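FYI, in this note's numbering the residues of the sequence shown are 11 to 73.
Using N, Cα and C, we set each Cβ at its ideal position, and we do this for glycine too.
These numbers were taken from a predicted model, which means no experiment stands behind them.
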Amino acid sequence: MHDQLVTGRRFRVLNIVDDVTRECPRAVVDTSISGRRVVRELTALIAERGRPKMAGDEADETK
């Protein structure tokens, strides 16, 4: 997501959202967010909370 202030200065927001719980465990705001920054934020989040589990439809397993 991106927006700009009244002064014209632009900023970006990286929202990391859990698709199952809709929780947003991390929101990063900065004037620039590189791919390396995204990796760093995801790595830190995994270190804090552990790797995410895959959510799936259990009905698919019986086919």
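Cα-Cα separation between residue i and residue j, rounded to whole angstroms
i, j, result
"residue 28", "residue 64", "11 angstroms"
"residue 47", "residue 18", "24 angstroms"
"residue 40", "residue 20", "9 angstroms"
"residue 61", "residue 16", "39 angstroms"
"residue 55", "residue 13", "25 angstroms"
Beta-carbon spacing of residue i, residue j below 9 angstroms
i, j, result
"residue 32", "residue 24", "no"
"residue 34", "residue 43", "no"
"residue 51", "residue 38", "yes"
Collapsed DSSP secondary structure at residue i in the structure displayed
i, result
"residue 24", "strand"
"residue 32", "coil"
"residue 49", "helix"
Which residues DSSP lists as bridging residue i, in chain order
i, result
"residue 37", "25"
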